[in-house]
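Undergrad: Taking the UniProt record's numbering, the leading residue of the sequence shown gets 1, the next gets one more, and so forth.
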Amino acid sequence: MAKKILIVDDEKNMIWALKRAFKNEEFKIITASNGIEAIEMVKVNTPDLVLLDLKMPKLNGLEALKEIKNIDSKISVIMMTAHGTMESAIEAMKNGAIDYISKPFDIEELKIQIRKALDIEAMKE
Numbered sequence: 001m002a003k004k005i006l007i008v009d010d011e012k013n014m015i016w017a018l019k020r021a022f023k024n025e026e027f028k029i030i031t032a033s034n035g036i037e038a039i040e041m042v043k044v045n046t047p048d049l050v051l052l053d054l055k056m057p058k059l060n061g062l063e064a065l066k067e068i069k070n071i072d073s074k075i076s077v078i079m080m081t082a083h084g085t086m087e088s089a090i091e092a093m094k095n096g097a098i099d100y101i102s103k104p105f106d107i108e109e110l111k112i113q114i115r116k117a118l119d120i121e122a123m124k125e
C-alpha cells in the first residue's frame, strides 16, 4: 500500500514542486495550505508522514506540529522552513519532529529523509 504524505505549505509553488517531484514515487500525496487545514487533514486522512512548513498564516508550523502529535503521536513530521534558526529547529525536535530542513533543499536529499523516516516507522510496528 502506498504511504500517505501530507504536504503543508502556504506557498502554492512549493506544494506544486513537491507533488511533481514525488509523482513517480509510490506515495499518495495530500496537501494543505495552512496549519488549521493540516490538522483537519490529519484527522480525516491519517498520513504516514507530514512535511510541515514552519511559517504559515492562521496557525504556524510549531503549533500545528503539537496538535498533530496530540492527534497521533506515531505520525512522522519533517519540518521545512526558509526562516530557520537553531532555536526553531530545537523547538521542533522537542515537540516531536523527526527532522528539520531548510529551504531551498535538495529534493533527492528530502526523498532520502522521507524514506528513512518511513522505514523507522515501519520497524516500530
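Note that beta-carbon positions come from the ideal geometry of N, C-alpha and C, so glycine has one too.
1. Threshold first: 4 residues or longer. Then list the alpha helix (DSSP H) segments lying entirely within the region 59–95, N to C.
2. Pull up the CB-CB distance for T46 and D72, whole angstroms please, since I reckon it's below 8 Å.
3. Counting contacts by CB-CB distance shorter than 8 Å, is M79 in contact with chain C?
4. So, using beta-carbon positions, are A117 and Y100 closer together than 8 Å?
5. Quick one: what's K3 bridged to in DSSP?
6. Excluding sequence positions up to five away, which residues of its chain have a Cβ less than 7 Å from the Cβ of M93?
7. Rounding to the nearest angstrom, what Cα-Cα distance links H83 and K103 in this structure?
8. Between the alpha carbons of K43 and I5, how many angstroms are there, rounded?
TA: Reading from the atomic positions:
1. 61–71, 86–94
2. Along the sequence shown, read from residue 1 onward, the residue named residue 46 stands at position 46. Along the sequence shown, read from residue 1 onward, the residue named residue 72 stands at position 72. Indeed they touch by this definition, with Cβ atoms about 7 Å apart.
3. Among the chains in the structure shown there is no chain C, since it carries only a single protein chain.
4. As a position in the sequence shown, residue 117 is number 117, starting the count at 1. As a position in the sequence shown, residue 100 is number 100, starting the count at 1. No. Outside cutoff.
5. Here residue 3 refers to the residue found at position 3 when the sequence shown is read from its first residue. Beta-bridge pairing links K3 to F27.
6. Taking the sequence shown and counting its residues from 1, the one referred to as residue 93 is at position 93. These residues qualify, in order along the chain: Y100.
7. Your numbering for residue 83 matches position 83 in the sequence shown. Your numbering for residue 103 matches position 103 in the sequence shown. As the crow flies, the alpha-carbon of H83 is around 8 Å from that of K103.
8. Here residue 43 is taken as the residue at index 43 of the sequence shown, counted from 1. Here residue 5 is taken as the residue at index 5 of the sequence shown, counted from 1. Cα to Cα, K43 sits roughly 14 Å from I5.
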